[in-house]
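Going down the list, the protein sequences come from chains A and B.
For what it's worth, my numbering labels the leading residue of the first sequence as 5, then goes sequentially.
For what it's worth, my numbering labels the leading residue of the second sequence as 5, then goes sequentially.
In this text, a Cβ means the ideal position worked out from N, Cα and C, and glycines have one as well.
Here is the structure we will look at, set down as structure tokens.
Protein chains: 2
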Amino acid sequence: MPNFSINIIPDHKQVTANEKESLYHAMVVAGIPLKASCGGKGTCSDCKVLVREGKVESLTTGMLTEEEQKQGYMLACQCFAQSNLVVEVPEESKLTEHRIVLSNNPAGGSIAQNGDERIGILEEEPERAGEGPDIPLFKRLFLKVPEPSLDDMEDDIGRVIRVIRKETGVELLRPTLNVLLTLPNILRQAGWKVTVSLAEGKGYKSVEITGVEPGHIEQKYYGLAVDIGTTTVVAKLVDLESGQTVGIKGTYNKQAVYGDDVITRIIHTNEYPDGLRELRKVVVETINELIEDLAKEQRIKQTDIRTVVCAGNTTMTHLFLGLDPTYIRLEPYTPVVNNIPAVRASRAGLNVYPMAWVQCITGVASYMGGDVTAGVLVSGMAFAEELTLFVDIGTNGEMVLGNKEWLISCACSAGPAFEGGGIRHGMRAMRGAIEKVRISPGGAKVTCCTIGNVPPTGICGSGLIDCVAWLYKSGIIDRSGNFVSDVKSPRIRDSAEGKEFVLVWSEKAGRFTDITISEAEIKNLIRSKAAVYAGIRSMLQMVGLPVEAIDRVVIAGGFGRYINIRDAIDIGMFPDIPLEKYSYVGNSSVKGAKLALLSKKARDMLEEIAKKMTYLELSIGNTFMDEFVSALFIPHTDLGLFPTMQKR
Amino acid sequence: MPNFSINIIPDHKQVTANEKESLYHAMVVAGIPLKASCGGKGTCSDCKVLVREGKVESLTTGMLTEEEQKQGYMLACQCFAQSNLVVEVPEESKLTEHRIVLSNNPAGGSIAQNGDERIGILEEEPERAGEGPDIPLFKRLFLKVPEPSLDDMEDDIGRVIRVIRKETGVELLRPTLNVLLTLPNILRQAGWKVTVSLAEGKGYKSVEITGVEPGHIEQKYYGLAVDIGTTTVVAKLVDLESGQTVGIKGTYNKQAVYGDDVITRIIHTNEYPDGLRELRKVVVETINELIEDLAKEQRIKQTDIRTVVCAGNTTMTHLFLGLDPTYIRLEPYTPVVNNIPAVRASRAGLNVYPMAWVQCITGVASYMGGDVTAGVLVSGMAFAEELTLFVDIGTNGEMVLGNKEWLISCACSAGPAFEGGGIRHGMRAMRGAIEKVRISPGGAKVTCCTIGNVPPTGICGSGLIDCVAWLYKSGIIDRSGNFVSDVKSPRIRDSAEGKEFVLVWSEKAGRFTDITISEAEIKNLIRSKAAVYAGIRSMLQMVGLPVEAIDRVVIAGGFGRYINIRDAIDIGMFPDIPLEKYSYVGNSSVKGAKLALLSKKARDMLEEIAKKMTYLELSIGNTFMDEFVSALFIPHTDLGLFPTMQKR
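Here is the structure:
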């Protein structure tokens, strides 16, 4: 098969492909990732490209509009080269670096602050300088081991264990054979003054004595806390002695090129014999790149990282370790494992200290992973009197309701709308995404703010919520999401896909076309918000409590960072309780992972939370469906549930 | 350096050696092991050979008698070839297969039975046909795992663990990653009927789920119980399902060519850079040969052996795992480790299932190993009301005194006399060894029985005890071990080494010379028996109890099997209490290892015993030395301690 040369403009990169390999695949392999919500199946229009020179075969046109087709756009995932090519990749098709929420400190600029409706922000857990962590997963201790005598003839390792017990209170200790092989000479050559290394592995009840070195080793040692998100991966490098975060990096999950959501990725593993291996490989690569970056930045050796905690949803942890995710997707949705015992870094494929233990935080169900367990820990709700609602919204909405007595959780597939998927001009929260919208009555004036303050190329989840809220508040759409027929504005027009509202005219946009939202898309978003609200109500119903019983709402996740809570309440997505009860916890997944790195108490709490948390499968019974149908209005069929909107 | 060819007769084996390599070393390497109590240092005369042709350089003559030297005997360990050679190895220099006590069933013949003074024999622990072991270290379970449904969405491994818990009561379970990788498909393809494999590793508090296989696996699986003795190694192949011993094999420890006792072997590791590696290699080889033999005999695959328990003295377990034994020998005698966590068979070098856990029974001190812990378990003394004395005599005498309230142990270096060492015509309990002696008054008639009923080539430990007892009872020696001057017999004569008694004339012996015992050798044996008795008394002193307080004496070990208890009491080695209080427990080391294979309760008891057992270091204080000096008479300075002898 001949290999064709493909010249990518405007970047002037060179790629080769044969006639059996899609342009999309060739570019992804060459490190030029394209967007592809559908995972390269030709059913969205994310990966559109312009073939400027050469001959291609194009199988389908997917969701490309007639206009786009007229302009020569093709789906890269459906195109196969027949000759050498010159291909132009428009800005909006590129998978550029997302804005990843690394900490709660606003990234700066006015966009990141939600103006006067800004929500309360839970502080990053204080860095306990001086105090130090309780029992980190890896620890070094300088010991003065009592020398043996005829009055005290205990064995060498017994003497070491005796002192470790005294210093740490840890009862169950287990030396590795390697430690025993060198122990007697090290103890004696070092005059019985040694530094021991202790490592805990999840699922192993005894703490491993992994090293005994002569004298006082002053070298620093680190742990890595990783949030393996479906979209983004964030890693914190933590000094295990001080408990300080010394570095933090985030990047998009390289699995994104195989599809936006977990379902698409699971299907990929089923459709390709090598699919699981591939997905595992790229997420491990993603984490390894973060490790390399962090180590370079902090000028440490990667092998100084001695323990790793990962938090991720159940599909992500399965893919990370190469576990078959097939049955996560199929009723009755059983994962292989929720509580994964620690594995060695060398086995997990992470480029840190090879014998380091890598552990994943325990999850609860196929759609309730360790990232949520971590979030519940960080929220503090599992040990509080107040009734707290924890909400982490992405493609899936994961919600937990409860207090120190009980915890209920549920997951609703909100659909990809909040991540910008399934919306023609939707996009993830990347540079150029509209994330804030204000519309004056009747639509006379529309104000859009974008991430990075650049001309808009699309609209992200928080922008969509704003958009629908203000279309409603400005009287342009009615409670069902239909355009009100007597409102006239040049921005409201008919299209092949039905009525639509022009948010940004093409001349002001960072792309060739107007940025619009259609009636169908508005209804799509209403379905998403209804799913979230219905999930919350279903949990409340289960325990027989009204919405007003909620004392606190904790929002987590990257999407939650930029959401305008007032607007989200106004469209009926979140309960209509006072704004001051809402707070934002940031990336609680990586925060929980960090706590697990540092504290035995936190690790015990995580296990307790996972054990205590009941998972409510919403597809069983009618409660959720009834609630969902009632929530398909703005804000809700029962206006009594939204007193603030009722007052307007 | 030229390589000389050495022709070994009468076996007609060919060996090569250069001028820097001793004949002893060359032959050992070629698989022709010679005796060498001293470990090949030229200080005994065990490895004597006759150089029939060719030229050698001989460094020293060691303990060779003048007569032997005249006959042309040389020490193989001190001889270096200068040309091609023909070397004759006399029968008594060969390290032939020992008689190894495999079970309590007398090997047959009159020799093995101690006539009317035969001691009670504890029965082999009953083979619990049908009943089965409680929780073996490795176990297979056929499980019907409940299928998941929307009412029961637990994860796959959680469902498996739930059933295992119900069936076994084991709470802490930990799957390997390999199990998780194949679990979901195996469960579903097998219709949720699977066979799981469970493995426990010492020091790991959770039981490992090492395998999940589809359907009902009927294949048998085995455990191996090994007694790693300084002289002999015994292995039992145990069906882990029925608890039955299906095969048993014993052989001499290949380390024997590096010296008879643990001290010589420790010194070897210090003197040769590769010494430790060498000693580890040969003992692993020894065990692997037993494994191969057992597997062949039982027609099983070696990988069907899924778990291994070893019991051995502290030096043996150190050498087995390659741990540095140096400080076992040096005051204050601290071993590296008494409680060794399990290691994988692949790491230990054993040719069984590579992931099988290999565990060593926990010991107490440098000279109180896991073999004794096992013996105490098998004796039942640690959970009994009666005050029991446990005695395991070899080169070292290990003794334990106690009951369910307390346990004291001590080790006395009895010297090599009981193993036939340090006595010119002494030998181990091998074919041709005199093991029973009767002497008529005045020495007119001497009756000797040998192992194998062949012409005698030497005298072993039990024969020596008989010999000294009957030399005393026949009036030939006095209480101090001196020949009584007014007894005249052709058997009593002067030699270069002082007075000696001829046990067997050369014409009746299986060697060229008379078999004799000298006054010095008698005194040597008296020192050995005094050390044992003084150890027993020292323990009694520590708790302020008289000899009569002992309710039971349990004798263990290969040497104990053939000992004549009456004679041993008569020379003052064992307490003078009624014979019926004595019993013989056989190879309690391998028996204890077998119990550990089969029963969690036994494993817990072993840990409890090791924790509970106080070790009395006899070199501290004056008690032992005072007792020792008092015991240097036949039977003792204080005749009141030996009422039976007093009555005569």
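Residue i to residue j span [Cα, whole Å]
i: residue 66 (chain B); j: residue 452 (chain B); result: 29 Å
i: residue 563 (chain B); j: residue 182 (chain B); result: 47 Å
i: residue 410 (chain B); j: residue 163 (chain A); result: 23 Å
i: residue 405 (chain B); j: residue 597 (chain A); result: 53 Å
i: residue 165 (chain A); j: residue 403 (chain B); result: 28 Å
i: residue 511 (chain B); j: residue 45 (chain B); result: 32 Å
i: residue 169 (chain A); j: residue 322 (chain B); result: 25 Å
i: residue 60 (chain A); j: residue 83 (chain A); result: 6 Å
i: residue 185 (chain B); j: residue 641 (chain A); result: 47 Å
i: residue 318 (chain B); j: residue 372 (chain B); result: 7 Å
i: residue 571 (chain B); j: residue 475 (chain B); result: 11 Å
i: residue 142 (chain A); j: residue 211 (chain A); result: 9 Å
i: residue 123 (chain A); j: residue 585 (chain A); result: Residue placement at residue 123 (chain A) cannot be trusted, given a pLDDT of 30 that sits under 50; the coordinates are not used to answer.
Proximity winner among the options, relative to residue i (alpha-carbon distances)
i: residue 36 (chain B); options: B:196, B:501, B:14, B:306; result: B:14
i: residue 427 (chain A); options: A:467, A:412, A:455; result: A:467
i: residue 236 (chain A); options: A:266, A:251, A:221, A:218; result: A:266
i: residue 227 (chain B); options: B:633, B:435, B:547, B:140; result: B:140
i: residue 300 (chain B); options: B:253, B:556, B:42, B:372; result: B:253
i: residue 635 (chain A); options: A:602, A:542, A:508; result: A:542
i: residue 48 (chain A); options: A:506, A:429, A:594; result: A:429
i: residue 620 (chain B); options: B:74, B:547, B:518; result: B:547
i: residue 8 (chain A); options: A:87, A:42, A:64, A:24; result: A:87
i: residue 393 (chain A); options: A:16, A:649, A:588, A:17; result: A:588
i: residue 256 (chain B); options: B:231, B:504, B:565; result: B:231
i: residue 532 (chain B); options: B:593, B:631, B:187; result: B:631
i: residue 448 (chain A); options: A:425, A:508, A:389; result: A:508
i: residue 281 (chain B); options: B:302, B:343, B:352; result: B:352
i: residue 499 (chain A); options: A:51, A:277, A:246, A:69; result: A:69
i: residue 334 (chain A); options: B:157, B:444, B:362, B:465; result: B:157
i: residue 96 (chain A); options: A:229, A:58, A:54; result: A:54
i: residue 17 (chain B); options: B:26, B:30, B:506, B:138; result: B:30
Close-in-space but distant-in-sequence residues of the same chain around residue i (CB under 7 Å, 5 per side omitted)
i: residue 536 (chain B); result: 397, 401, 416, 418, 577
i: residue 622 (chain B); result: 414, 416, 539, 542, 628
Contact test: residue i Cβ vs the ligand FMN heavy atom, cutoff 7 Å
i: residue 532 (chain B); result: Annotation note on the ligand FMN: not contained in the displayed structure, which lists no ligands.
Residues near residue i by beta carbon distance below 8 Å, same chain, minus five either side
i: residue 222 (chain A); result: none
i: residue 609 (chain B); result: 381, 386, 387
i: residue 259 (chain A); result: 234, 269, 283, 286, 287, 290, 323
i: residue 330 (chain A); result: 270, 273, 274
Same chain only: Cβ atoms within 6 Å of residue i, ignoring 5 sequence neighbours per side
i: residue 618 (chain A); result: 412
field: Positions along the region 337–362 of chain A whose CB lies within less than 8 Å of some CB in chain B
entry: 337, 338, 339, 340, 341, 342, 343, 344, 345, 347, 351
- [ ] Any chance you could list the beta strand (DSSP E) runs of at least 3 consecutive residues sitting entirely within the region 7–47 of chain B, in chain order?
- [x] 8–13, 17–21
Under 9 Å, CB to CB, which of the residues in the region 282–295 of chain B have a partner in chain A?
none
Between the region 187–208 of chain B and chain A, which residues of the former have a C-beta closer than 7 Å to a C-beta of the latter?
187, 188, 189, 207, 208
Quiz item: What runs of the alpha helix (DSSP H), each 4 residues or longer, lie entirely inside the region 179–216 of chain A?
Solution: 181–193
Q.
Output needed in chain order: residues of the region 448–462 of chain A with a Cβ under 7 Å from some Cβ in chain B.
A. none
Against chain A: residues of the region 160–182 of chain B by CB proximity under 7 Å | 160, 161, 162, 176, 178, 179, 181
Please list the segments of the alpha helix (DSSP H) lying wholly inside the region 355–393 of chain A, counting only runs of 4 or more residues, in order along the chain.
374–383
Contacting positions in the region 326–337 of chain A - beta carbon closer than 8 Å to chain B = 326, 327, 328, 330, 331, 335, 336, 337
Next on the checklist: What ranges does the beta strand (DSSP E) occupy inside the region 229–278 of chain B, keeping only unbroken runs of at least 3 residues that lie completely in it?
Outcome noted: 236–243, 249–256
Residues in the region 608–639 of chain B with C-beta within 8 Å of chain A's C-beta atoms, listed in sequence order? 619, 621, 623, 624
*Can you give, in chain order, each stretch of the beta strand (DSSP E) that sits fully within the region 501–561 of chain A and has at least 3 residues?*
502–508, 519–522, 556–560
| task | Could you please tell me which residues of the region 368–380 of chain A, in chain order, have their CB closer than 8 Å to any CB of chain B? | result | 369, 370
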